[in-house]
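Visitor:
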Amino acid sequence: LGPVTKISHTESELLKFMSDFYVEIDDAASLVGIHNLFPNNWLTSTAMDLFCTHIDTFCKLVESFFITDKTDLDDDERFKVYMGHEPNGASVKSLLLYAQNLKENRFQVWSDHYDDIFGKERQTDLIPIENISTVPIALYAGFHDTIADQEDCHWIRDTLNPDVLVHYEDINAGHLTFLIGKDMTYW
5 LGPVTKISHT
15 ESELLKFMSD
25 FYVEIDDAAS
35 LVGIHNLFPN
45 NWLTSTAMDL
55 FCTHIDTFCK
65 LVESFFITDK
75 TDLDDDERFK
85 VYMGHEPNGA
95 SVKSLLLYAQ
105 NLKENRFQVW
115 SDHYDDIFGK
125 ERQTDLIPIE
135 NISTVPIALY
145 AGFHDTIADQ
155 EDCHWIRDTL
165 NPDVLVHYED
175 INAGHLTFLI
185 GKDMTYW
């Protein structure tokens with residue numbers, strides 16, 4: 005559902021920001037010992053409750069900035085319930101891995117020394133999804149998913165071993181629509 009691998013065409017402003025300011029973010033997070041962004045604590049939970057329960061239009065705006073360009077596909081009540089469990093944190097390392105993949109236009113394993121001044125380990129081993137041979141895979145890609153862009157999802161579809169790809173479908177969805185969409189009939 006909205007598979008995220010190679011993300012060269014992503015429209016996610018967060019991922020683009022992480023890519024553009026990779027060294028600064030990595031250095032700052034290391035310097036102050038931050039390993040988790042947007043952790044669930046009193047301050048973030050209170051802010052989410054304020055903005056997403058009482059000013060849900062603002063929260064939808066934030067959603068459009070990060071994961072979809074068409075928030076009206078999502079059910080408003082389900083959205084409030086979903087956002088009632090946010091934030092749940094995001095690993096700095098996972099966001100930096102997305103940034104590495106975006107910068108290198110590849111789906112590769114983590115590089116511990118990506119911002120090394122000598123440029124070592126900029127490209128690490130690829131993650132060989134074409135070698136998956138025994139796990140049946142069904143992919144659903146959203147027309148309005150700004151994280152897992154259509155073109156990148158087509159790359160996954162075309163790279164996978166055709167013997168394991170049992171279903172592929174492009175649907176009218178954003179990234180979060182797969183969980184809280186108004187129309188879940190694709191399922």
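With my numbering applied, the sequence shown has no gaps in its numbers, which climb one by one up to 191 at the end. The beta carbon of each residue, even a glycine, is placed where N, CA and C say it ideally should be. Every value quoted in this text rests on a predicted model; they were computed, and no experiment measured them.
Would the C-beta of D156 count as close to the ligand FMN, meaning under 8 Å from any of its heavy atoms?
Guide: As far as ligands go, the structure on display features none, and thus does not contain the ligand FMN.
Visitor: Which class does N105 belong to by DSSP, given the choice of helix, strand or coil?
Guide: Helix, per DSSP.
Visitor: Can you tell me whether T189 is buried or exposed, with buried defined as 16 or more other CB within 10 angstroms of its CB?
Guide: T189 should be labelled exposed.
Visitor: Following the continuous beta strand (DSSP E) through L143, name the residue where it begins and the one where it ends.
Guide: Segment 141 to 146, the beta strand (DSSP E) holding L143.
Visitor: Our contact map puts F147 next to G6 with C-beta atoms below 8 Å; I'd like the distance itself, whole angstroms only.
Guide: At roughly 11 Å, the Cβ-Cβ gap does not stay under 8 Å, so F147 and G6 are not in contact.
Visitor: Does DSSP put T57 in a helix, a strand or coil?
Guide: Helix.
Visitor: I need the boundaries of the alpha helix (DSSP H) containing Y172, first residue and last residue.
Guide: First-last for Y172: 169 to 175, but that is the beta strand (DSSP E), not the alpha helix (DSSP H).
Visitor: Quick check on L183: does DSSP put it in helix, strand or coil?
Guide: Looking at L183 - three-state DSSP - the assignment turns out to be helix.
Visitor: Among residues of its own chain, excluding the 5 on either side of Q127, which ones have a beta-carbon nearer than 6 Å to its beta-carbon?
Guide: Cβ within range, chain order: E108.
Visitor: Starting from S49, trace the alpha helix (DSSP H) both ways and give me its first and last residue.
Guide: Start and end: 46 to 52.
Visitor: Can you tell which of D79, H39, K97 has its C-alpha closest to the C-alpha of S23?
Guide: Checking every option, the nearest Cα to that of S23 belongs to K97.
Visitor: Could you tell me whether the Cβ atoms of L77 and G185 are closer together than 9 Å?
Guide: In contact: L77 and G185 (Cβ atoms closer than 9 Å).
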